[in-house]
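Just below is one structure, and these are the notes that go with it.
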Amino acid sequence: MSQEQTAPQPPPPSASPPSNITTTSADLPPPIITLPNCILRLIHPSDAPAIQRAADSPAVAKYMSYRFANPYTLEHAQQWVGFATAFKAPGTDILPSFAICDPATNTVLGGIGIKARDDVESNMYEVGYWIGEASWGKGIMTAALRAYVKWVFETFPAINRLEGVVFEGNEASGKVLKNAGFVYEGTRRKAAVKHGVVMDILVYGLLREECSLLN
Ligand SMILES: CC(C)(COP(=O)(O)OP(=O)(O)OC[C@H]1O[C@@H](n2cnc3c(N)ncnc32)[C@H](O)[C@@H]1OP(=O)(O)O)[C@@H](O)C(=O)NCCC(=O)NCCS
1 MSQEQTAPQP PPPSASPPSN ITTTSADLPP PIITLPNCIL RLIHPSDAPA
51 IQRAADSPAV AKYMSYRFAN PYTLEHAQQW VGFATAFKAP GTDILPSFAI
101 CDPATNTVLG GIGIKARDDV ESNMYEVGYW IGEASWGKGI MTAALRAYVK
151 WVFETFPAIN RLEGVVFEGN EASGKVLKNA GFVYEGTRRK AAVKHGVVMD
201 ILVYGLLREE CSLLN
């Protein structure tokens with residue numbers, strides 16, 4: 001039996017709530033995916049401080065692109081919230097960027113989303129994800145990614161491939177992808193340079209027909 005429960009998407013939260021209103025957990029978007037160790041829901045402007053706390057870590061940023069800042073300020077978090085509450089999957093009204101939250105407190109622990117490709121790659125998305133250091137090694141991202149890829153394939157029927165790209169040395173991310181059924185497809189040698197360090201990029205792919213969680 002599948003562990004996750006899915007729900008239809010609610011309307012997106014407004015971009016910025018009036019500053020004199022206190023946000024309670026009841027005001028937050030409802031879960032779209034509920035798992036034993038996390039919930040996935042749309043991001044809300046009031047999440048910015050929790051996002052900043054979880055994201056502001058050299059260890060979290062290490063294997064991310066420069067777009068994931070370090071130090072990660074409240075302003076960076078607010079910029080991310082602005083993007084994530086507006087970015088719709090191409091050709092749809094669907095917001096595909098989710099907060100990964102503590103099921104007990106609804107506090108943001110991390111994030112997961114897709115990057116759309118275009119032109120002849122419009123049949124695929126790249127997945128991206130991160131979680132704060134305090135939450136590492138508890139199986140949260142494995143559970144979140146497994147459920148998320150199922151949601152993506154079910155929600156976007158034209159998508160037949162998901163891709164994960166991992167900097168060399170990021171063993172945890174490679175394991176998360178394999179745990180979710182992704183297949184290692186090859187290495188783009190010396191494809192990235194970050195802070196002067198040249199790195200390989202490992203490519204993982206998951207085809208719709210390989211996604212064992214789909215009916
Ligand atoms: C990569 C990341 C998402 C993993 O999240 P997580 O919730 O800790 O992952 P899980 O707990 O599901 O663990 C998955 C596997 O990785 C292993 N693992 C966890 N942390 C690890 C680490 N620091 N080094 C090596 N292996 C690690 C776990 O033991 C587990 O192994 P198993 O499948 O053999 O049991 C998290 O470390 C992270 O956010 N890192 C920074 C951002 C990032 O790298 N994002 C991905 C960019 S491609």
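Residue numbering for the sequence shown follows UniProt numbering, beginning at 1 and increasing consecutively.
Positions of the beta carbon are idealized from the N, C-alpha and C atoms, including for glycine.
Three-state class that DSSP yields for residue i in the structure shown
i	result
Q3	The pLDDT assigned to Q3 is 41, lower than 50, so where the model puts this residue is not dependable, and the model offers no usable value.
I51	helix
I140	helix
A15	With a pLDDT of 48 at A15, under the threshold of 50, the modelled position of this residue cannot be trusted; read the value that follows with caution. Residue state, collapsed to three classes: coil.
T24	coil
K88	coil
T155	helix
Rounded distance between the beta-carbons of residue j and residue i, thought under 8 Å
i	j	result
F156	A89	6 Å
I159	Y125	6 Å
A54	L109	6 Å
Distance, residue j Cα to residue i Cα
i	j	result
A77	P49	7 Å
G113	V127	6 Å
K194	K62	9 Å
Y66	A192	11 Å
A59	P31	28 Å
T34	G186	33 Å
L162	T73	30 Å
V176	V152	17 Å
L214	N179	15 Å
A143	L40	11 Å
N70	W130	14 Å
G91	E121	14 Å
K190	D56	27 Å
C211	G181	7 Å
E75	N170	27 Å
D119	R146	27 Å
V183	A86	31 Å
R208	Y148	13 Å
P102	A116	Looking at the sequence shown, residue 102 is not Pro but Asp. Near 27 Å, if we compare the C-alpha coordinates of A116 and D102.
G174	M64	13 Å
F68	E133	15 Å
N37	I140	6 Å
G196	T107	35 Å
Boundaries of the beta strand (DSSP E) in which residue i is found, first to last residue
i	result
L28	Here L28 belongs to no beta strand (DSSP E), and DSSP marks it neither H nor E.
F98	98-101
A192	183-194
Y66	Where Y66 is concerned, there is no enclosing beta strand (DSSP E), given that its DSSP letter is neither H nor E.
E126	124-131
V120	First-last for V120: undefined, no H or E at that position.
Boundaries (first-last residue) of the alpha helix (DSSP H) holding residue i
i	result
L177	171-179
E163	No alpha helix (DSSP H) contains E163, which is instead part of the beta strand (DSSP E) from 161-167.
E75	74-84
V60	58-61
>> Whether or not the stretch 159-171 and the stretch 190-204 are in contact is what I'm after, with contact meaning three or more pairs of Cβ atoms, one per stretch, closer than 8 Å; do they touch?
In response: yes
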